[in-house]
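Scroll down for the structure; my scribbles are underneath it.
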Amino acid sequence: MRVLFASSEIFPYAKSGGLSDISAAFMKSLAGDVELFGVMPMYSFVEKRGMKKERSFQFTFTSTTHEVEIYSKTKGSLQYYFIQSPIITSRENMYGDAEGDYEDNAFRFALFSAAIVALAKELKVDILHLNDWHTALAPLFLKEQKSEIKTVFTIHNLAYQGIFEAENLARIGIDEKKYFHPECLEFYKRANFLKAGIALGDAITTVSPSYANEIRSEQYGFGLEGFLEHHKEKLVGILNGIDTEEFNPAKDKALALRYDSNKLEVKHQNKKEFLRQHGLKDPRKPLFVMVSRLVEQKGVELLLETLPQLLEMRINLFILGEGVLEYEKRFEAMAQEYENFTFQRAYDEKLSRQVYSAADFLLMPSLFEPCGLNQFIAMRYGAVPLVHNVGGLHDSVHEDDSLGCGSGFVFDNFCAEEFLACIERALAAKKQSKKFKEMVQKNMDCDFSFTSSAKEYLRLYESLL
Ligand code: ADP
Ligand code: GLC
């Protein structure tokens, strides 16, 4: 079976969040079972060393002809393709800058989707696996070209749908009569790319079983709950995992000292050094951390609301993240005020690993969470997650340790009282040092890899052929 996996970000070439990690883990895990190719846009910052120019295509969208060049790179047994075109490549970042999203994103990612389809046909793949709205027009282009290639469309986060003014469709050359209606692209008079992926994909997946249920409700559906309910026969939730070779505290080069579950004293040394470097005192205090995009989804408002009470407790807090300017400013102000809180406004891959390795607890009070990867990384590095009982967090972290792998602390209702009570329970548990150590060790030895999920995707592919 030949499969082309298309994503707007694949680690290490481009990363803004979990989509990148999961795309890389996906490529690695499935490579042995199918003939697998990956494709992503050639952003301006992608390192071109070792790449080969393969071929070029021309796409005429209305009156303008766009040149698209396809580059390839082989990494071990993996084959990657990169789509280069001035409209994609000339932008500095992936999706936008301080001013907001790029205004030509509809066009940039429509072109990317058209190029994916051309490549899929040329590679003669059986399955085209698409991810999120950036690739969601591909099933429409395949249909227009009467292709037999089957599509799997994965939704990583329903909060991002790719909604644009309808005028864009004519520019992209999409037949509005055929596709601009409520059963496909139309969404309150605007064009919603994600809807095309859902309507026209042969199978739809999302990244945890709980999220697959939640998105069919008004609370989590972002206006698409009815549409998803209509397509529920082809919707399935498959839990993400992580690349356990990439995220391995015993081998991680970002760490000064490496360790495994039998050498937890080394983790403690990392913690001491980390606190010293980041201006925090007293290593006996439990260290809570957060590594996150600072957006509403991640529960930042709840954290800000409870921060004064939290920082009066006998803890240290370290937050690594960037995002909404107002959140950043408020964290900066609080960090000035409290000596047990450090805020690092950055996106820093290396530092993130040092943070996980130093931490006792990871805070993940997400308002909603399709899957979440931080909790897996944290557990692998011996930090116990404290999570809101929602989406993929519900499926991967349990306070009741009889429920198998993934021990942590969980609060049900998204409110200050329950969040703070959950932190109190975590602190009480930490005092029982022998039991706590066993919990940490058990988490570190759990299998959070993508291997079993990859098998589920494989079965799904087979069911489509
Ligand atoms: P999302 O994709 O919604 O942001 P995930 O939990 O799926 O959330 O994945 C987040 C990934 O991004 C994790 O690998 C996490 O460690 C990483 N990450 C988030 N913020 C930062 C940051 N400021 N610096 C480094 N890594 C970060
Ligand atoms: C999205 C979600 C996150 C998920 C990731 C990878 O960014 O917000 O929960 O883990 O995609 O699927």
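Its first residue numbered 47, the sequence shown is counted upward by one per residue in our numbering. Where a beta carbon is used, it is the ideal one built from N, C-alpha and C, also for glycine. In this text, all values refer to a predicted model and were calculated from it rather than measured experimentally.
Just to confirm my understanding: we take residue i, look at its own chain, exclude 5 residues before and 5 after, and list those with CB closer than 6 Å. What are they?
i	result
residue 475	482
residue 240	179, 182, 207, 208
residue 261	204, 267, 274
residue 5	In this structure the chain extends from 47 to 511, so residue 5 is not present and cannot be described.
residue 458	435
residue 277	244
residue 161	114, 129
residue 428	313, 486, 490
residue 163	184, 187, 188
residue 405	333, 335, 429
residue 425	489
residue 52	85, 162, 176, 181
Which same chain residues end up closer than 8 Å to residue i when comparing Cβ atoms and leaving out the 5 residues on each side of it in sequence?
i	result
residue 124	73, 74, 77, 82, 84
residue 49	76, 80, 81, 82, 83, 171, 172, 173, 174, 175, 507
residue 491	307
residue 232	212, 226, 238, 241
residue 472	332, 407, 430, 432, 455
I need the DSSP call for residue i, collapsed to helix, strand or coil.
i	result
residue 519	This structure leaves residue 519 out entirely; the chain is present only between 47 and 511.
residue 511	coil
residue 92	coil
residue 271	helix
residue 225	helix
residue 237	strand
residue 284	coil
residue 58	coil
residue 219	coil
residue 232	strand
residue 441	helix
residue 368	strand
residue 482	helix
residue 133	helix
residue 301	coil
residue 500	helix
residue 148	coil
residue 214	helix
residue 125	strand
residue 447	helix
residue 489	helix
residue 506	helix
residue 374	helix
Determine the extent of the alpha helix (DSSP H) in which residue i is found, giving its start and end residues.
i	result
residue 290	First-last for residue 290: undefined, no H or E at that position.
residue 467	462-477
residue 64	64-76
residue 257	255-260
residue 200	Not the alpha helix (DSSP H): residue 200 falls in the beta strand (DSSP E), residues 196-201.
residue 315	310-323
residue 184	184-190
residue 277	Segment: none, residue 277 is in no alpha helix (DSSP H) and carries neither H nor E.
residue 102	Not the alpha helix (DSSP H): residue 102 falls in the beta strand (DSSP E), residues 98-107.
Counting only the same chain and skipping the five closest in sequence on each side, list residues whose C-beta sits under 7 Å from that of residue i.
i	result
residue 147	141
residue 229	245
residue 59	86, 92
residue 137	90, 148
residue 347	none
residue 439	410, 412, 415, 418, 421, 433
residue 345	411, 412, 413, 434
Which residue comes first and which comes last in the beta strand (DSSP E) that contains residue i?
i	result
residue 431	430-434
residue 84	81-87
residue 353	Segment 346-358 is the alpha helix (DSSP H) holding residue 353; no beta strand (DSSP E) there.
residue 155	Counting along the chain, residue 155 falls outside any beta strand (DSSP E), though it belongs to the alpha helix (DSSP H) covering 151-169.
residue 331	That residue, residue 331, is in no beta strand (DSSP E); it is neither H nor E in DSSP.
residue 456	455-457
residue 341	Note, residue 341: premise wrong, no beta strand (DSSP E); not H, not E.
residue 177	173-177
residue 250	249-252
residue 560	Given a span of 47 to 511 for the chain in the structure shown, any question on residue 560 remains unanswerable.
Under 7 Å: does the beta carbon of residue i sit that close to some heavy atom of the ligand FAD?
i	result
residue 428	With respect to small molecules bound, the structure shown includes the ligand ADP and the ligand GLC and not the ligand FAD.
ask   = For the region 377-426, which segments carrying the alpha helix (DSSP H) assignment without a break, of at least 4 residues, lie completely within its bounds, in sequence order?
value = Listed in chain order, the complete alpha helix (DSSP H) runs (minimum 4 residues) inside the region 377-426 are 395-404, 420-426.
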